[in-house]
Amino acid sequence: MTELLGTILPYITTILLFASIYAVFALGLNLEWGFTGLINFGHVAFFAIGAYTTVLLNISGCPLIISVIAGVALAGFFGFLLGIPTLRLREDYLAIVTIGFSEVLRSILLNEEWLTRGPFGVHGFDRPFHDVIPYQHYNTFLLILFVAILVLVYFALERLIQSPWGRVLKSIREDEAVPSALGKNVFSYKLQSLIIGSAIAGLAGAMLAFYITYINPCTFKPIETFHAWIIVILGGTASNKGTIVGAIILWAFFSGTKFIDRIVPVPFESHQMGAFRMIVVGLLLMLLMMYKPEGIFGTKEELALSD
Amino acid sequence: MKAVDGCSIDIESGTVVGLIGPNGAGKTTMFNLISGFERGSGEIMFKGNRTDNLPPFKIARCGMVRTFQIPRALTKMSVLENLMLAPTMQRGERIWNVCLRRKKVLEQEQAIKEKSMGILEFFEIDNLKDEYAGALSGGQKKLLEMARAIAIDPSMMLLDEPFAGVNPTLSRKISGHIDELRESGMTFLIIEHDIPAVTKISDWIVVMNEGRVMAEGEPEEIKRRKDVLDVYLGGEG
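Below is the structure:
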């Protein structure tokens, strides 16, 4: 029994660690898309900015906490920079610009070796309290830390969206001509939403780096953006609770199917399995859209309403 | 072709002005220009200040609010939330206030809620406060749209077809509300095709045709003008 627990527990810890990182990452997107209606197809860029800024500052001698704060701030700042030219235009422009930006950024990470060490990636940076916590308990500690961060981000976002500020965001999502006619500076609110969402993605990036201890440009492929989208849609757009549950489900599924060939015979090589998993995710999303389009925590009534 | 060209109208504060004209006369474009949703080359003055170079939200903050021809209810928000969105300069609309001055935000929120309920009662839709706005009927959405506009405490309202698609009872109710609000000093500019309804509540009528003002005057005078009848009835009147 203890032996079984000994193999299962680290496994569950891994799932929950990834789930908590991606939950924070997707909460940023949920603020932008779920509550403000902004289509950000380059969310991974802010994830990367947060991760790279944190670790690069840290290995050049900056204290860890300051590196994290700088990573979060820089991710938010890039949200601001991208928002300025795009948020006055129709919503699809933001989608186009962000997806382009995330790929340009990955190219920069790959090629500007003097700054980012290029394809070799970055490792050897500090992890929080790594000198105090014994190695064999480190992941457990990290999980507690990440869950604490997730809870903090969750409650902060809930407070924001339930305030009059959040009410304005929702009205923009519904029909931005209305808040505009009622004296709200729609552009400024969209910008604020994008900055905060991006900063949260930056925080998730730092968390990812702490867990995997080695990052390179391949860590931040466009698919990560769509993992966040899957999580948000799965859990129920505009539900922060749903986003967290969506992250757990997605990672449980990814990890659970990793060893499925040991239990049931599958006609795939292990490298084909990865592609097959994405096919299944796509299929499941289609089924979700057909039978429970509001997501797990979404409200069905809201979906039935139209203009 | 210009939708509105060489058009000039004056609206005295505290009056109800009806803006009529056939489809395509430029009435809604005129509204868009006045409320800042479209830009033109003319000059628009409101309470002694030029507003033609201001974005819509700043014009609204000056105290001029518009409604839309097709009511724009914020469908996935409750009726009460629709109303509570409206008041301008809410403390809780700023992030740092939400984070740091929670008590003051909540106090103001309570006051806004009470005021919003009062407005909903005035329009007799307070029983719908918790419904999703998207679930309302067309007429109820019209009332909600007017109620929401009033919730920002405007000094002037631009109403785009408040009587269109509204049953006679509701129509009388809306007229009543406009009368009451005018008594309290509010100014109205109303686009309307329902000529009897609009002539009844207006102090002054402006007739637009092909982007220009073709006639203006008191309702009784306008009703007798043959050229006005011609544009509406295609010359058969």
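Protein chains in written order, with the numbering used here: chain V, 1 to 307; chain L, 308 to 544. We put the CB at the ideal spot given by N, CA and C, even for glycine.
| query | result |
| --- | --- |
| Run of the alpha helix (DSSP H) containing V178(V), from where it starts to where it stops | A177 to A181 |
| Bridge partner(s) assigned by DSSP for F353(L) | N356(L) |
| Interfacial residues, the region 150-168 of chain V to chain L, with Cβ spacing under 7 Å | R159, L160, S163, P164, W165, R167 and V168 |
| Ordered list of alpha helix (DSSP H) runs contained in the region 357-406 of chain L, each at least 4 residues | 363-368 and 386-392 |
| C-beta atoms of L496(L) and V324(L) nearer than 7 Å | yes |
| Whole-Å CB distance - M464(L) paired with A456(L), under 8 Å assumed | 6 Å |
| Closer than 7 Å at the beta carbon, the chain L residues around K184(V) | F364 |
| Every unbroken beta strand (DSSP E) within the region 459-544 of chain L, with a cutoff of 3 residues, ordered by chain | 463-467, 494-498, 511-516 and 519-524 |
| Straight-line Cα distance separating I212(V) from L9(V) | 18 Å |
| CA nearest to the CA of V186(V), picked from T395(L), K436(L), L488(L) and S478(L) | T395(L) |
| Test: M384(L) CB closer than 7 Å to a CB of chain V | yes |
| Members of the region 379-403 of chain L that neighbour chain V once the beta carbon cut-off is set at 9 Å | R379, A380, L381, T382, K383, M384, E388, N389, M391, L392, A393, P394, T395, M396, Q397, R398, G399, E400, R401 and I402 |
| Residue burial classification, H227(V) (beta-carbon count within 10 angstroms, cutoff 16) | buried |
| Neighbourhood of P469(L) by C-beta, 8 Å cutoff - its chain only, sequence neighbours within 5 removed | T374, K449, M453, I481, I485, I497 and E499 |
| Minimum Cβ-Cβ distance from I498(L) to chain V less than 7 Å | no |
| Assumed close pair A26(V), T243(V) - CB separation to whole angstroms, cut-off 8 Å | 5 Å |
| Exposure label - F364(L); buried when at least 16 CB within 10 Å | buried |
| Counted within 10 angstroms of its Cβ, other Cβ atoms place G542(L) as buried (16 or more) or exposed | Its pLDDT being 48, under 50, G542(L) is placed unreliably by the model, and the measurement read from it follows with that caveat. Its Cβ having fewer than 16 others within 10 Å, G542(L) is exposed. |
| Whole-angstrom distance between Q397(L) and G544(L), CA atom to CA atom | Because G544(L) carries a pLDDT of 38, less than 50, the predicted location of this residue cannot be relied on, and no value is offered for it. |
| Coarse secondary structure for H130(V), derived from DSSP in three states | coil |
| Three-way DSSP call (helix, strand, coil) for I296(V) in this model | coil |
| Neighbour flag for K241(V) against chain L, beta carbons, 7 Å | no |
| Residues near L427(L) in its chain [Cβ-Cβ closer than 8 Å; skip 5 each side] | V386, L387, L390, D433, L435, K436 and A454 |
| Test: S171(V) CB closer than 7 Å to a CB of chain L | yes |
| Rounded straight-line distance, which links the Cα of E416(L) to that of M404(L) | Looking at the sequence shown, residue 404(L) is not Met but Asn. Going by the C-alpha atoms only, they are around 12 Å apart. |
| Alpha-carbon to alpha-carbon, R357(L) and I351(L) | 6 Å |
| Exposure label - I263(V); buried when at least 16 CB within 10 Å | exposed |
| Members of the region 505-537 of chain L near chain V, C-beta cut-off 8 Å | none |
| Collapsed DSSP secondary structure at I215(V) in the structure displayed | strand |
| Complete runs of the alpha helix (DSSP H) confined to the region 191-265 of chain V [at least 4 residues] | 223-235, 240-256 and 260-263 |
| Whole-angstrom C-beta distance between L17(V) and F129(V), which should lie under 8 Å | 16 Å between Cβ atoms; not a contact. |
| Pair within 7 Å by beta-carbon distance, A75(V) and S198(V) | yes |
| Stretch-stretch touch, CB-based, cutoff 8 Å, three pairs: the region 313-320 of chain L with the region 284-291 of chain V | no |
| Chain L residues whose Cβ lies nearer than 9 Å to that of P85(V) | The contacting residues do not exist; P85(V) stays about 17 Å from chain L at best. |
| Rounded separation between G183(V) and S509(L) - CA only | 27 Å |
| Alpha-carbon to alpha-carbon, Y138(V) and P362(L) | 55 Å |
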